[in-house]
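A.B. asks: My questions all concern the structure below.
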Amino acid sequence: MDRDRLVKLLGLYFDEGLTEETKQELERMLLASPQARELFWQKAKMHSMLRQQGQESWGSEQGSANPSSQKQSPPVDKSDAFRGAVDRDHHPTLVSLREHPNTEERGVISKNTLTRLVTLLLAACVLVAVGLQFYSSQRSQIQVAEQQAATGDVPRYRQRDGSETEHWVALLRKAVDVHWIDADSAPNLGEPMPPRRIQFESGLMEIQTTSGALMVLEGPADLEIISDMEVRCRQGRFRVDVPPPAEGFLVHAPFVKVVDRGTAFAMNINPNEETEVHVIDGLVELVSPTDTDSMRELRKGDSVSVASAGAYRDIPSQSNSFPSESQIRSRSRGANVVRKLAWQRRRDALIEHPDCLVYFDFSRSEHGETVLTNHAVHAEKVDDGTIVGCNRAQGRWPGKEAIEFKSMSDRIRFSLPGVHTTLTCITSVRLDALDTSISSLLTSDGDLVGDFRWWIAPESADSARLSFERRERSLRSEVQAYPSSPVFRRSQLGTWVQLAFVWDGEQGTVRQYVNGNLVSNEPIRFFGLDHARMLRLDKVEIGNSSLIGGSYDTPVRNFNGRMDEFAIFSSALNPQELLAYYDLAKVSWSNTADDNRWSEPTNWSLGILPAQHDVVRVDRSDRDKLIVNDETIGNLKAIHVGTARGEKGEIDILGGTITATVNSNSYTRVGVAGGDGAVKQFDGNVKVNALQIGLDKESQGNYEMSGGKLLLMRGVKLSNSSLEVGSQQGVGSFEISAGSLESRAGVTLGYGDGMGTFRVRGSDASKIRIGSFGSFDGFWIQNTGSTLAALIDDRGVSTIFIDEVGNDGGGDVTFADGALLDVGFVGDFQVGSWDVMKWDGKLNDHGLRFAEGVDQSVWSFQFVDSDSSGDPDTLRVTAAR
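For the sequence shown, counting from 1, position 696 maps to 1025 in this note's numbering; every step adds exactly one.
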């Protein structure tokens, strides 16, 4: 950047002295250099401040001389200032003021003219800054947004009342089959988002910024939302539709910046590959971050590929191949069908539950519009509910009915005779407002010992907590409250959540859950020993609280939102059962029958055997582990073992057949979301899409094969691997001592800063072939700190083969600097050489080394050209005395 030249051009710009040639020169400098844009911003701000100060001083002097003059001045026409501030050649970064008069006929600047001029200049400076936003968004703001995305901090706005609210720039409108890299930090469907980074392995999602730009993104994807007018995409295939209010929308890609000019365009971004830009409609401008003169306009039907050097290469248009809004709508409809079927299975099991006292699904009753049928089969003493007020509405998916609560009179009334030492209540709600002091969910009579109420109480202007309260005595002061920490944000209004409480008088605890996650767990407190640990439900109201007498201090108001499912059980359901009611796509192992058998229905939450399209979740271990013997299981969506922080799951496969391939984007996982998972395969046939072991931070997974067959039919989209061991800071281990392993794609050890180990124990494995199944090529990528281990028995060691398919290249092996090789013996020490790995492709060795503890005075390794092709194709280890 020529700073002296830039300063001169900026001076001409603010003095309105730019020619057409120098105006284009300045524009090129601003587009090419962040430092140039920052200098422009500083001078523009100073320029506007000087004029503002001059206007205020002039106005003050005039006001003291003629107090009524300000009222007599005509209003400033801001629309004219706006139109004049935009250059006629569609260059919003440069504003020409020359066409506006700055004197009157007498050559004297009047008050009105000066006011208009100052306003015009201020508007120009402001609009210049807005125009530049889609080129730089002020570098300091980007840095702040990046820091907030990295730390999880959310920018906030201070309101007039002194409270703070979060700054939202985008909305997650739809998500279909999305597999998050970090599920704990994933945004909720329908919830507005602050500037943040979004990473997911597979699936399809639709995001809309507050400026109106609509993005449909297909995984694997890595998208950073900087503002409502700016994103940075490191990976993904996506389409952007930009309405007029969002014109100037900016996409940062690895090798190019794409500036919208009112259009629809698509991009294909893969790490270390060329970036593709396809214009579907309208016009975009491309700016190379490496070449200041490399700018280009693309129009409808144009497509280019951009290399790392910033060079543009025309390519055939493939705009029709990118995900679109209609495509995600179609896939959403399909997902809703699967979801509805899963819900119906759980509903049928729920109403048959022996402890289910009340179940409302809010479907219409044949007995009238005000009747709400209680579908609980074993609840002989519980009548139907009565709807008071309320309107019918759509529930969680099209075709699912709900009841809408709006006015103070809206409620549902029913009776549940008797008292209960244990009680569980589950409901799915959509909260639409927090404009009342309390949003009542469930209330009993309120005048007797054991009466209670459950509600959502605002904590601040932007948050609310879930709270349960029980009356201990009839005195006003003797009420015990059990509030959660703040669990609702105002941004969650309009999104569906599942809420639950568990009153466990036998264990002496009261727990509350949101979306299957525990949010409060407190011991039950009592004022006196004469009060039993019970709840009373003689008269109950949903959604309002007129039953509460005046003895309660806290004001109680109506619920404002929708409800589409409600159930009460006379027992204390466990966390796995509650999670099963929430997550319709997953079936959880419980071992309730205490026999470890897959085929026993009571061993599964809700008593439902896993079926097609289900994800099996196993979080039991030791004596409660899952054992598969002679069953034929399939076709599942996926199997997850050890699925959450603090959870440990185990599966022993003794025989039978397990298939989990029904959804190509779903992968079997051992150790995920902080969990500890272990699978031991002694025999049987296992066929899954791909296998991820030790998936993410704080996760640990182990898969041991000592028999049977394991077939991995696809590749994880993010790493393209069929077997991914230790990824995203997780720790994983795969060991094979017998049986056969075959995959369609490659193996990656230590993806995304994880730590992976692949161990071959002895010589009894009949097959270890990577890339031999299907049309893909095998590969081996071993990252820094990850380990390939070979334990040699008296017959040697089973060799790993990395296969190439189709004679078109592939079958490559890559060892990163610091990749580790561990060797040893199963039995006695031996002297000799053994081939640990063979490959069809190329070797990329950046620094394979022995692991710590390997005696290098005994052991050595080398890369050998065993087929005399001129290139090494074998990893051979040697032990010598």
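Glycine included, C-beta positions come from ideal geometry on N, C-alpha and C.
With DSSP run on the structure shown, which of helix, strand or coil describes W1109?
C.D. replies: Strand.
A.B. asks: Consult DSSP for N597 and reduce its assignment to one of helix, strand or coil.
C.D. replies: In the structure shown, N597 sits in a strand (DSSP, three-state: E or B).
A.B. asks: In this structure, what does DSSP give as the bridge partners for F781?
C.D. replies: According to DSSP, F781 bridges with R799.
A.B. asks: How close, in whole Å, do the beta carbons of D739 and G718 come, if the pair is a contact with beta carbons under 8 Å?
C.D. replies: Sure, about 4 Å apart at Cβ, within 8 Å.
A.B. asks: If I measure Cβ to Cβ from A1002 and keep anything under 8 Å in the same chain, skipping five residues before and after, which residues do I get?
C.D. replies: Excluding residues within five positions, the ones whose Cβ falls inside 8 Å are A512, D513, T972, A973, R974, L1024, D1025, S1028.
A.B. asks: Across which residues does DSSP place R840 in a beta bridge pair?
C.D. replies: Answer is V831, N850, bridged to R840.
A.B. asks: According to the Cβ coordinates, are G1147 and T1116 closer than 8 Å?
C.D. replies: No, they are not a contact pair.
A.B. asks: For my contact list, L579 and E559 are in at a C-beta cut-off of 8 Å; report their separation, rounded to the angstrom.
C.D. replies: At roughly 5 Å, the Cβ-Cβ gap stays under 8 Å, so L579 and E559 are in contact.
A.B. asks: Which residues in the same chain as N920 place their Cβ atom closer than 6 Å to its Cβ, once the five residues preceding and following it in sequence are excluded?
C.D. replies: Counting only Cβ-Cβ distances below 6 Å, and skipping sequence neighbours, we find N932, R949, D953.
A.B. asks: Identify the residues that DSSP records as bridge partners of V608: which are they?
C.D. replies: Partner(s): F594.
A.B. asks: Please name the residue in R742, T756, G1044, I937 whose C-alpha comes closest to that of K868.
C.D. replies: Ranking R742, T756, G1044, I937 by Cα distance to K868 puts R742 first.
A.B. asks: Quick check on the DSSP output: what are the complete beta strand (DSSP E) runs of length 3 or more inside the region 1034-1111, in order along the chain?
C.D. replies: Counting only runs of 3 or more, we get 1050-1056, 1060-1072, 1075-1080, 1084-1099, 1109-1111.
A.B. asks: Is the beta carbon of I767 sitting closer than 8 Å to the one on M892?
C.D. replies: It is not a contact, given that the beta carbons lie outside the stated cut-off.
A.B. asks: Consult DSSP for N932 and reduce its assignment to one of helix, strand or coil.
C.D. replies: N932 falls in the helix class under three-state DSSP.
A.B. asks: Hey, out of S1189, A640, N1173, whose CA is closest to W1163's CA?
C.D. replies: Checking every option, the nearest Cα to that of W1163 belongs to S1189.
A.B. asks: By Cβ distance below 8 Å, which residues in the same chain neighbour R675 in space, the five residues on each side in sequence not counted?
C.D. replies: Here the set comprises A909, Y910, L913, L935, I937.
A.B. asks: Count the C-beta pairs between the region 829-846 and the region 702-714 that are closer than 8 Å, then say yes if the count reaches three, no if not.
C.D. replies: Segments in contact, no.
A.B. asks: Since A678 is in the alpha helix (DSSP H), which residue starts that stretch and which ends it?
C.D. replies: From DSSP, the alpha helix (DSSP H) with A678 extends over 654-680.
A.B. asks: For G983, does the three-state DSSP call read helix, strand or coil?
C.D. replies: What sits at residue 983 in the sequence shown is Leu, not Gly. Coil.
A.B. asks: Run through the region 713-757 for me and flag every whole beta strand (DSSP E) of 3 or more residues, listed as ranges in chain order.
C.D. replies: Counting only runs of 3 or more, we get 714-717, 720-723, 730-734, 740-743.
A.B. asks: Around the C-beta of V336, are 16 or more other C-beta atoms found within 10 angstroms, so that it is buried, or is it exposed?
C.D. replies: Classification for V336: exposed.
A.B. asks: To the nearest angstrom, how far is it from the Cα of D924 to the Cα of L955?
C.D. replies: The straight-line gap from Cα to Cα measures roughly 9 Å.
A.B. asks: Leaving out five residues on either side along the sequence, give the residues of the same chain with a beta carbon under 6 Å from the beta carbon of L1040.
C.D. replies: The residues are K1016, E1071.
A.B. asks: Can you give the Cα-Cα distance for L720 and G1030, rounded to whole angstroms?
C.D. replies: Sequence check: residue 720 is Asn here, not Leu. Near 49 Å, if we compare the C-alpha coordinates of G1030 and N720.
A.B. asks: What residues match up with N1173 in a beta bridge as DSSP calls it?
C.D. replies: Beta-bridge pairing links N1173 to T1143.
A.B. asks: The beta strand (DSSP E) spanning R561 covers which residue range?
C.D. replies: R561 -> beta strand (DSSP E) spans 559-570.
A.B. asks: Is the beta carbon of I1022 sitting closer than 8 Å to the one on S1062?
C.D. replies: Yes, these two residues count as a Cβ contact at 8 Å.
A.B. asks: What does DSSP give as the partner residues of V270 in its beta bridges?
C.D. replies: The shown model of the chain, from 330 to 1210, leaves out residue 270, and the question about it has no answer.
A.B. asks: Compare the C-alpha of I613 against each of T592, P600, T604 and name the closest.
C.D. replies: Ile is not the amino acid found at residue 613; the sequence shown has Val there. Nearest option by C-alpha distance: T592.
A.B. asks: Return the chain-ordered list of same chain residues with a C-beta closer than 7 Å to the C-beta of V1152, the five sequence neighbours on each side being excluded.
C.D. replies: Around V1152: A1119, V1183, W1188, V1206.
A.B. asks: Per DSSP, what kind of secondary structure is N1018 in: helix, strand or coil?
C.D. replies: DSSP places N1018 in coil when its eight states are reduced to three.
A.B. asks: Does the beta carbon of T972 come closer than 8 Å to any beta carbon on chain B?
C.D. replies: Of the protein chains in the structure, only one exists, and it is not chain B.
A.B. asks: Figure out for me which residue from S1127, P583, S646 has the closest Cα to the Cα of N1064.
C.D. replies: A small fix is needed here, since residue 1064 is Glu in this sequence, not Asn. When only C-alpha atoms are compared, the closest one is S1127.
A.B. asks: Going by CA-CA distance only, name the one from W784, V748, K503, W783 that's closest to S653.
C.D. replies: Answer by Cα proximity: K503.
A.B. asks: Which residues bound the alpha helix (DSSP H) around L908?
C.D. replies: L908 -> alpha helix (DSSP H) spans 904-911.
A.B. asks: CA-CA distance, A550 and R566?
C.D. replies: Going from the Cα of A550 to the Cα of R566 covers about 7 Å.
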